[in-house]
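>
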Amino acid sequence: VGVIGCGRIGQVHLKALKELEDVDVVAVVDVAVEHAKAIANKMGGEGCFSGSDPSEMFREVRLDAVWICTPTNMHVSLIELAASHKVHVFCEKPLALNVGDCNRAIAAVQNAGVHLMMGFQRRFDPGWAAVRNHISTGVIGSVCTVHLISRDPKPPPESYLLGSGGLFVDMGIHDFDSVRFVSGAECVSIYAVGGVLDGETAARFEAAGDVDTAMAQLVLDGGRLATLTVAR
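See below:
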């Protein structure tokens with residue numbers, strides 16, 4: 002496999018990939034060439050390709066799959082590039098910053114006949130899977146409401162916020178997916194509010210047009226309700 006983007010989340014995935022016996026990391030790409038080289042030497046396999054150009058990687062290395070761990074605004078073009086080379090894709094969330102671009106990415110992999118998987122890791126966590134199973138089998142009775150609370154350990158820097166897509170798109174996306182996963186239902190309506198409530202970091206959120214705290218109320222098909230609160 003290859004990995005594009007060797008920042009924090011890219012290295013998290015590289016560490017996990019390195020621990021899998023049946024996976025070889027044969028290429029890493031990052032905008033910082035020397036960083037890519039260092040990561041390739043540290044976490045890649047023997048003779049691991051390193052560079053800053055994804056197109057060169059696809060030309061030079063035979064890949065079964067690629068991990069896309071770049072800023073969100075690069076996801077769709079890289080998915081299209083991978084699909085054009087018939088390479089399966091794992092992409093970090095969010096898929097894109099708008100529905101149109103999401104549809105572009107989906108069309109690209111469908112037309113190429115390759116798989117696209119998103120980084121919704123909660124679906125593979127034993128605890129979350131147990132909750133889903135208990136609900137679907139009726140072990141805990143009839144579930145009428147679902148409540149989720151998420152908190153970041155600390156606010157991200159302004160440079161990250163500017164390209165993140167906002168609190169719900171970047172962070173709350175895990176909670177929206179978790180509601181769907183554990184309930185087995187889809188959202189039919191939603192009401193959301195948010196604000197900048199932390200005075201110490203207010204300037205960076207306001208500069209990015211983002212909020213640091215938000216709440217959402219969801220009505221699911223079948224009439225069940227869900228709430229989520231997220232905060233940086």
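When we follow our numbering, the leftmost residue of the sequence shown carries the number 2, and every step to the right adds one.
C-beta: ideal position from N, C-alpha, C; glycine also.
The model shown is predicted, which means the values in this text are computed figures rather than measured ones.
Candidates 76, 221, 37 and 176: which alpha carbon is nearest residue 122's?
Sequence index remark: in the sequence shown, residue 122 carries index 121 (1-based). If we check each option's Cα against that of residue 122, 176 comes out closest.
> Where residue 145 and residue 225 are concerned, what is the direct C-alpha to C-alpha distance, given to the nearest angstrom?
Mapped onto the sequence shown, residue 145 falls at position 144. Mapped onto the sequence shown, residue 225 falls at position 224. Taking the straight line from one Cα to the other gives about 5 Å.
> If you scan the stretch 108-194 from start to end, which runs of the beta strand (DSSP E) of 3 or more residues do you find wholly inside it?
117-119 and 146-152
> Taking the C-alpha atoms as reference points, what is the distance between residue 93 and residue 14?
Taking the sequence shown and counting its residues from 1, one reaches residue 93 at position 92. Taking the sequence shown and counting its residues from 1, one reaches residue 14 at position 13. For residue 93 and residue 14, the distance between alpha carbons rounds to 10 Å.
> Kindly indicate which residue of 172, 133 and 173 has the alpha-carbon position closest to the one of residue 186.
For the purposes of this step, residue 186 is identified with residue 185 of the sequence shown, where counting begins at 1. With distances taken between Cα atoms, residue 186 lies closest to 133.
> Between which two residues does the alpha helix (DSSP H) harbouring residue 203 extend?
Residue numbering aside, residue 203 sits at position 202 when the sequence shown is read from its first letter. From DSSP, the alpha helix (DSSP H) with residue 203 extends over 203-208.
> Quick one: complete alpha helix (DSSP H) runs, 4+ long, within the stretch 51-79?
55-61
> If distances are taken between C-alpha atoms only, which option among 184, 88, 167 and 105 comes closest to residue 135?
Looking up residue 135 in the sequence shown gives position 134. Measuring from the Cα of residue 135, the nearest candidate turns out to be 184.
> Are the beta-carbon atoms belonging to residue 52 and residue 33 less than 8 Å from one another?
Against the sequence shown, residue 52 aligns to sequence position 51. Against the sequence shown, residue 33 aligns to sequence position 32. No. Outside cutoff.
> Please state if the CB of residue 79 and the CB of residue 2 are separated by a distance shorter than 8 Å.
In the sequence shown, the residue the question calls residue 2 occupies position 1. In the sequence shown, the residue the question calls residue 79 occupies position 78. Between residue 2 and residue 79, the C-beta gap is not smaller than 8 Å, which leaves the two residues out of contact.
> From 116, 214, 31 and 202, pick the residue whose C-alpha is nearest to that of residue 57; which is it?
Locating residue 57 in the sequence shown gives position 56, counting from the first residue. Of 116, 214, 31 and 202, the residue nearest in Cα terms is 31.
> Closest to residue 126 by CA distance: which of 71, 204, 182 and 139 is it?
On the sequence shown, residue 126 is found 125 positions in, with the first residue counted as 1. Checking every option, the nearest Cα to that of residue 126 belongs to 182.
> Per the contact definition of three or more C-beta pairs closer than 8 Å, is the stretch 200-209 in contact with the stretch 152-167?
yes
> What are the boundary residues of the beta strand (DSSP E) that residue 232 is part of?
The count along the sequence shown starts at 1 and reaches residue 232 at position 231. 226-232 is the span of the beta strand (DSSP E), which, as asked, contains residue 232.
> Would residue 50 and residue 82 qualify as a contact pair, given that the criterion is a beta-carbon distance under 8 Å?
For the purposes of this step, residue 50 is taken as residue 49 along the sequence shown, with counting starting at 1. For the purposes of this step, residue 82 is taken as residue 81 along the sequence shown, with counting starting at 1. Result no, Cβ atoms of residue 50 and residue 82 do not sit closer than 8 Å.
> Look at the Cβ atom of residue 219, then the Cβ atom of residue 195, and state whether they are nearer than 8 Å.
Walking along the sequence shown from the start, residue 219 turns up at place 218. Walking along the sequence shown from the start, residue 195 turns up at place 194. For residue 219 and residue 195, no; Cβs fall outside 8 Å.
> At the level of alpha carbons, what is the spacing between residue 204 and residue 120?
The residue you call residue 204 lines up with position 203 of the sequence shown. The residue you call residue 120 lines up with position 119 of the sequence shown. The straight-line gap from Cα to Cα measures roughly 30 Å.
> Classify residue 11 as helix, strand or coil using the three-state DSSP reduction.
Within the sequence shown, numbered from 1, the residue matching residue 11 stands at position 10. Correct three-state label for residue 11: helix.
> Do residue 84 and residue 113 count as a contact pair if the criterion is CB distance below 8 Å?
Start at 1 with the first residue of the sequence shown, and residue 113 comes out as number 112. Start at 1 with the first residue of the sequence shown, and residue 84 comes out as number 83. Contact: yes.
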